[in-house]
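In UniProt numbering, the protein residues as written are 1 to 337.
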């Protein structure tokens, strides 16, 4: 941690400054997406082991004091928290860029509150535009409600991103259809490479790479119609646009072409553990330390300093493909997207 005037920074030994905190609010979800959790579910943390709304807000204040200026709420499904309104209200009063990742099923119940609090940025998980496939992927119904709530948010002018996890032989035949959503909708569709987590049966053959995405879209639209857009600071998605379309699309290639060199992200799990990398199975229990009255800031600093240069040390495809190196990591639902 460095201090410049009244501004503190969380800087790791590679010079990366971490100003973006993703807070998982809950391990539960109303869907059962195959890439996110095992079909049989996961052991859930006892309620007493999860952060209360007050603890979520206190952690947020601590991280803001360390230079965090961007917070995203994740789950599970964060809108399942009964005290989500209290959390949103408290966070909206902090000097941060506040956003949320949701599957959208409950969004109609909360849209008015989001507008009242001025929260405009929503990442909307949608892996298919086909109802039968939706049920196969999520192991639940709710396809039409998902689409209706997407339309609701779009009509109310929210800043929308669609998150689509691509799995070969499952939904990679919908690339063109999903990109065509950007023709008339001012949204950003982001294709996410299938990543290895506990219980999601990952293997390399199921992954759709950035090159395969661009090759397929180029063959359909014509490579000359696909323009690269400037990368944002600390980008995760390499962005592109079809000429004449209102929206754009991006590719999050955490496996084949990672963006670790500019990573600024920290994750706080629903049971109050800090993860300095999505791929890491190393965690530090901040919640137990806070409840014991210990110095949480020092633990945060130590975690950031110990961050590896690339994917928790898995700096090759061979290492990433070794189950022994990531089998102890949590299921995605217990980490937060």
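C-beta atoms are modelled at their ideal positions from N, C-alpha and C, and glycine is treated no differently.
Whole-Å CB distance - residue i paired with residue j, under 8 Å assumed
i	j	result
residue 117	residue 92	4 Å
residue 226	residue 242	6 Å
residue 254	residue 240	With 8 Å as the limit, residue 254 and residue 240 do not qualify as a contact, their Cβ atoms being about 17 Å apart.
residue 210	residue 146	Rounded, the Cβ-Cβ distance is 26 Å, inconsistent with contact.
residue 73	residue 8	Actually they are not in contact, since the Cβ atoms of residue 73 and residue 8 sit about 23 Å apart, beyond 8 Å.
residue 281	residue 303	Wrong, their Cβ atoms sit about 13 Å apart, outside the cutoff.
residue 119	residue 88	7 Å
residue 28	residue 85	The pair is not a contact, with the Cβ atoms about 17 Å apart (cut-off 8 Å).
residue 133	residue 171	7 Å
residue 143	residue 131	4 Å
residue 68	residue 19	5 Å
residue 174	residue 129	6 Å
Buried/exposed call for residue i, threshold 16 Cβ in 10 Å
i	result
residue 78	buried
residue 141	exposed
residue 193	buried
residue 305	exposed
residue 200	With a pLDDT of only 48 at residue 200, under 50, the local geometry of the prediction cannot be trusted, and the value read off the model is given with reservation. Answer is buried; the Cβ neighbour count reaches 16.
residue 12	buried
residue 163	buried
residue 339	Within the shown structure, residues of the chain are numbered from 1 to 337, placing residue 339 beyond reach of any answer.
residue 49	exposed
residue 223	exposed
residue 344	The shown model of the chain, from 1 to 337, leaves out residue 344, and the question about it has no answer.
residue 291	exposed
residue 39	exposed
7 Å CB neighbourhood of residue i in its chain, flanking five on each side removed
i	result
residue 71	21, 23, 60, 91, 96 and 98
residue 165	35, 127, 192 and 194
residue 237	190, 250, 251 and 252
residue 310	258 and 260
residue 184	246
residue 6	For residue 6, the pLDDT reaches just 38, beneath the cut-off of 50, and the residue's location in the model is therefore unreliable, although a value from the coordinates is still provided. Once the five neighbours on either side are set aside, residue 6 has no close Cβ partner at all.
residue 248	182, 188, 229, 239, 240 and 241
residue 220	176
residue 313	none
residue 307	12, 276 and 277
Close-in-space but distant-in-sequence residues of the same chain around residue i (CB under 6 Å, 5 per side omitted)
i	result
residue 81	25 and 26
residue 339	Any question about residue 339 goes unanswered here, given that the chain covers just 1 to 337.
residue 168	206 and 208
residue 64	94
residue 355	The structure shown does not extend to residue 355, since the chain spans only 1 to 337, so no value can be given for it.
residue 351	In the structure as shown, the chain begins at 1 and stops at 337. Residue 351 is therefore absent and cannot be evaluated.
residue 213	191 and 251
Spatial neighbours of residue i in its chain, beta-carbon cut-off 8 Å, leaving aside the 5 residues before and after
i	result
residue 153	104, 107, 111, 122, 124 and 160
residue 288	272
residue 148	108
residue 286	59, 268, 272, 273, 274, 296, 299 and 300
residue 351	Missing from the structure shown is residue 351; the chain here goes from 1 to 337 and no further.
residue 115	156
Entirely within the region 118 to 177 and at least 3 residues each: give me those beta strand (DSSP E) ranges in chain order. Qualifying beta strand (DSSP E) stretches, in chain order: 121 to 125 and 159 to 166.
May I ask you to verify whether the region 45 to 61 touches the region 270 to 285, counting CB pairs closer than 8 Å and requiring at least 3? yes
Is the region 254 to 266 touching the region 39 to 51, taking contact as three or more C-beta pairs under 8 Å? no
Runs of alpha helix (DSSP H) wholly within the region 182 to 250 (minimum 4 residues, chain order): 210 to 221
Which ranges does the beta strand (DSSP E) cover as unbroken runs of at least 3 residues, wholly within the region 245 to 286, from first to last along the chain? 248 to 252, 265 to 268 and 273 to 275
Completely contained alpha helix (DSSP H) runs for the region 58 to 123, where each covers 4 or more residues: 84 to 92 and 111 to 117
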